[in-house]
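Data first, discussion second: the structure below is written as structure tokens.
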Amino acid sequence: MKVNDGLKLTPIFYSEISSSYLVYEILRNHTDLAKSFLKAFFGLDVGDNHLTVLREKSYRGKGSIDLYLSFVGDGIKHVVLIEVKVHDYLSATPGQIKTYYDAAAEENIDGKVFFMYLTQFNKKNFPKEEATILAPTIKEYEDSLKALGTQKDKIKHINWEEFYNFISQHDNDLSGEEALMLGLQKKWMVEKSEQDIAANTIDVGERTLFEYFDDVEMVLQEELPFGRVVNKNKRENFIIDLTTCSAEQLNRILDVIKTYSASARIDRKTVKNTEDYTIKAAKEWLTGLAEDETGWDLLSFYSTLFSFVNSTSCILLNGTGSRGFSVKVNIVGKGSISLCTLWSNKTIEFSLKR
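For the sequence shown, position 217 (counting from the first letter as 1) is numbered 1559 according to this note's numbering, and the numbering increases by one without interruption.
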């Protein structure tokens, strides 16, 4: 069966249970493959020992881990937990890795516990030079390494591409049905991941502001003289440190953003809906500012800006807060651009030109 558009498979694979169950079936039905899997990613030698593969292993009051593998080697019980994600920007649960790891370690007190976080992306998908918002699953993994300290070598973050590469070495082991389902899941995952990366890439330098907003009679540097021009990666950016701004200056920044947002060059026919995960991240960002009364001027700035963007149908707030947020608009005939970027270090950046 030929599938040209992998995203058309969303009804089948949108639920993470579909993918976790597929991985479970492959590991359960092919013991040698499962043993090779543990050897490849954890260096574990199961040998001739019996390997148990379970799904939805429940820990009272903690939840259920997607996959649970166990074997006894040299008199020691080894437990491998696998948590599967297919929506890295939506479904990351803070503290989940540590919660499950601690629960398994408590149950297997005299044994060894290992954890695999199988997700859309890991750090390999985000080169440092690219301005892409990191998926929350990466922060969850990195936070778990810090929280678990000496156990961090037993935790692996694997992306789906790495999983597919491993399985490709064992193609002949799979049944026709398993190969078909995995092929469809891979088609969907690859195209969904490309879409997610594109949606979370911050555009910080194409053409000049004037080329996009030629009907706006305003020179940004003159309107906001308290900012500075920085040349970075062959791009010319205008950066303002919001923590040094007075309330009046913050209001002037808001006025500038609203002025650009009123441009006739913006496509107002295309409705932009901010994603739920971005709204959640914005709420958490505002809550953090509210806890420090010295930052209440910034709280007013961000809340006013977020409210303006959220109530204006042609503007999109994008991001998770881990690296920042981007205010995006569609320019008629030129596509989507970032009007400005709100970095997590409390600076705001406008791209002037390359």
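Glycine included, every Cβ here is placed at the ideal spot set by N, Cα and C.
Computed from a predicted model, the values in this text were never measured in an experiment.
Quick check on this structure: which residue in the options has the alpha carbon closest to the alpha carbon of residue i?
i	options	result
Gly1666	Ala1624, Thr1646 and Ser1649	Ala1624
Trp1685	Asp1634, Asp1452, Gln1438 and Phe1580	Phe1580
Thr1474	Ser1535, Pro1353 and Lys1614	Ser1535
Phe1456	Leu1522, Asp1634 and Glu1448	Glu1448
Thr1435	Gly1417, Thr1461, Ala1446 and Asn1450	Thr1461
Asp1556	Phe1508, Arg1570 and Val1674	Val1674
Val1558	Met1523, Ala1606, Tyr1431 and Lys1481	Ala1606
Lys1454	Leu1386, Thr1629 and Lys1676	Leu1386
Thr1373	Ser1362, Tyr1356 and Leu1393	Leu1393
When the Cα atoms are used, what is the spatial distance from residue i to residue j?
i	j	result
Glu1471	Lys1419	Because Glu1471 sits at a pLDDT of 47, beneath the cut-off of 50, its placement in the model cannot be relied upon, and the point is left open.
Leu1409	Asn1514	23 Å
Lys1614	Gly1403	39 Å
Ile1354	Met1531	11 Å
Ile1497	Leu1423	9 Å
Lys1488	Gln1438	13 Å
Thr1612	Thr1492	51 Å
Leu1380	Ser1360	22 Å
Gly1661	Leu1476	9 Å
Val1388	Ser1378	9 Å
Trp1502	Ser1517	20 Å
Val1428	Asp1634	36 Å
Asp1347	Asp1452	49 Å
Asp1495	Ser1486	11 Å
Asp1618	Gly1417	48 Å
With residue i and residue j assumed to form a contact (beta carbons below 8 Å), what rounded beta-carbon distance in angstroms separates them?
i	j	result
Met1704	Thr1601	The structure shown does not extend to residue 1704, since the chain spans only 1343 to 1696, so no value can be given for it.
Tyr1483	Tyr1459	5 Å
Leu1490	Tyr1442	So it is not a contact: roughly 11 Å between Cβ atoms.
Val1426	Glu1358	6 Å
Leu1596	Thr1646	6 Å
Val1395	Leu1375	Wrong, their Cβ atoms sit about 11 Å apart, outside the cutoff.
Asp1364	Gln1527	The residue asked about is misnamed: residue 1364 is Leu in this sequence, not Asp. 6 Å between Cβ atoms; contact.
Across which residues does DSSP place residue i in a beta bridge pair?
i	result
Ser1678	Asn1672
Thr1683	Ser1668 and Glu1691
Leu1658	Lys1670
His1392	According to DSSP, His1392 bridges with nothing at all.
Glu1555	First, the residue type needs correcting, since residue 1555 is Phe and not Glu in the sequence shown. Bridge partners of Phe1555: none, in fact.
Ile1697	Examination of residue 1697 is not possible in this model, given that the chain is present from 1343 through 1696 alone.
Val1426	Leu1460
Val1421	Ser1412 and Val1455
Asn1652	DSSP output for Asn1652 lists no bridge partner at all.
Asp1387	Answer by DSSP bridge pairing: none, since Asp1387 is not bridged.
Excluding the 5 residues preceding and the 5 following residue i in the sequence, name in chain order all residues of the same chain whose CB lies nearer than 8 Å to its CB.
i	result
Val1598	Met1560, Leu1562, Glu1565 and Leu1566
Asn1307	The chain is shown only over 1343 to 1696; residue 1307 falls outside these bounds and no answer can be derived.
Leu1640	Leu1584, Thr1585, Leu1592, Leu1631 and Lys1688
Val1651	Thr1616, Ile1657, Leu1658, Leu1659 and Val1669
Near residue i, which residues of its chain fall below 6 Å by C-beta distance, leaving aside the five closest residues on each side in sequence?
i	result
Arg1397	Tyr1366 and Leu1409
Phe1643	Leu1592
Gly1637	Leu1631
Phe1383	Lys1498
Ordered along the chain, which non-local residues of its own chain (more than five positions away) have a Cβ less than 7 Å from that of residue i?
i	result
Lys1399	Ser1406, Ile1407 and Tyr1410
Ile1582	Leu1566, Phe1568, Gly1569, Ile1595, Thr1689 and Ile1690
Ile1539	Thr1474
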